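Residue numbers (our numbering), protein chains in the order written: chain A, 4 to 102; chain B, -2 to 116; chain C, 255 to 389.
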Amino acid sequence: MLHIVNKSPYQTRNLESCLRLAKAGSAILLIEDGVYAATRDNIAAAGVKAALGSVSVYALSPDVEARGVNNLLLDGVKLVDYGGFVDLVAEHANTQSWL
Amino acid sequence: MKFGIMISEGPYTHQATDTAYQFVKAALAKGHQIHRVFFYHDGVNNATRLTEPPQDDRNIVNRWSKLAEEHGIDLVVCVAAALRRGILEENLAKGFRISGLGQLVESGIQADRLVVFGD
Amino acid sequence: MTESTGGIEVEEETAGRVKKFMFVNRKAPYGTIYALEGLEVVLISAAFDQDVSLAFVDDGVYELVKGQATKGIDVKNFSPTYRALEGYDIEKLYVDAESLKARGLTEENLIVPVEVLSNEEMADLMAAQDVVISF
């Protein structure tokens, strides 16, 4: 399953719920303001790092670049472009958008 | 692969429709099909032909119309959500059509994947 | 029926195709329209004879709280509709245990009978769906 999170971890607890209900082997894609959760020392960083052992975490590179946080990313978070986003959706049987 | 898309927010206030547009373009570029783009909640506001953004900004509505024209994409606006928000046949942009919520469920059935873009 | 289903002749277009649909409700009622318009999709989905589940997670559990009285805000109280879902053969209502607990609620506070699921159960159920539509 592909989980998509688009909110800053400072604005909502969506990512926390997502991390709680994401099964091992699933993927989380951070898009829009969700990419702030992929930066070092952010409020959700510990949760993201802990999750990296069992789920894959991706951040949408155009959103990362738009927000100027390219150089602040956590190790282990993989960048994808829109084509990579499409591939992730195709590779997983279903998607849940944590709106 | 066939993708169904649902968009839950209007243009400009939220990034949802921009992200959905880029996703659709990337999917088409990879040879996938778009079964339908379904506009729900405030997403119906993407279908008004009355928007006039500043010239140096993207025209979100026209961008969808153009994509529909070039790739034959079915852009469907939920009738109940549209009527609530003043989106009618008379102010509908090119390439959009107004129909029922069943179109969303049907897209879920017919498409291989359904992706929701909202806020 | 054809108007509500978007002119789709349900029997012809989707005959024999049964997918697992989950509607994930994560928003409180009234403050935004998502819960109400989400419920409208759920009602329409009943016409398509699919395997429909509803999940209530995070503030979505507030949609099911008993005793909603909306006269003062002049907005329609749509909470009784959850009780009517059974008549549409929509009987799979799942509530996230942790979301309930975090809000000081129990099943006793809810307007309909539901199945309360642990993290693991909810995660498994969500992952097993063909289509997940979130509001």
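Ideal placement from N, C-alpha and C gives every residue a C-beta, glycine not left out. All of these numbers come straight from a predicted model, not from anything done at the bench.
Not a single C-beta of chain B is nearer than 8 angstroms to the C-beta of C/V311. Of all C-beta pairs linking the segment 68 to 82 of chain B to the segment 57 to 74 of chain A, fewer than three are shorter than 8 angstroms, placing the two stretches out of contact. The closest CA to that of A/G56, considering only A/G28, A/V83 and A/A41, is found on A/G28. Going by beta carbons, B/E6 and B/D54 fall outside the 8 angstroms limit. Between B/I31 and B/I2, the C-beta gap is smaller than 8 angstroms, which places the two residues in contact. Taking the C-beta atoms as reference points, C/K281 is found nearer than 8 angstroms to C/G314. By the 16-neighbour rule on beta-carbons within 10 angstroms, B/H11 is buried. For the pair C/L339 and C/M276, the Cα-to-Cα distance works out to about 14 angstroms. Within the model, the alpha-carbon separation for C/A351 versus B/L89 is close to 44 angstroms. Between the alpha carbons of B/V41 and B/V34 lies a gap of roughly 11 angstroms. Boundaries of the beta strand (DSSP E) around A/H6: L5 to V8. For B/G92, there are no C-beta contacts with chain C under 9 angstroms, since the nearest C-beta of that chain is about 17 angstroms from it. Less than 8 angstroms separates the beta-carbon of C/V366 from that of C/L347. Residue-level contact by beta carbon holds for A/L102 and chain C, with a gap shorter than 8 angstroms. If you draw a straight line from the Cα of A/R16 to the Cα of C/G358, it comes to about 17 angstroms. Here A/L24 really is in contact with C/M380; their C-beta atoms are around 6 angstroms apart, less than 8 angstroms. When the beta-carbon positions are compared, A/A41 and A/L76 come within less than 8 angstroms of each other. With distances taken between CA atoms, C/L354 lies nearest to C/D312 out of C/D312, C/K274, C/A301 and C/P283.
For a Cβ distance threshold of 9 angstroms, residue set G99 and V102 of chain B lies close to C/A301, ordered along the chain.
Burial state of C/N331 is exposed, judged by a 10 Å Cβ sphere holding fewer than 16 other Cβ atoms. Non-local C-beta neighbours of A/D44 in its own chain, meaning closer than 8 angstroms and more than five positions away in sequence, are absent. For the segment 316 to 387 of chain C, the continuous beta strand (DSSP E) assignments of 3+ residues that do not extend past its boundaries occur at 346 to 350 and 369 to 371, in sequence order. The C-beta distance from B/L98 to C/I298 rounds to 4 angstroms, short enough to fall under 8 angstroms. A Cβ of chain A is located within less than 8 angstroms of the beta carbon of B/F20. Uninterrupted beta strand (DSSP E) stretches at least 3 residues long and entirely within the segment 39 to 79 of chain A occur at 59 to 63, given in chain order.
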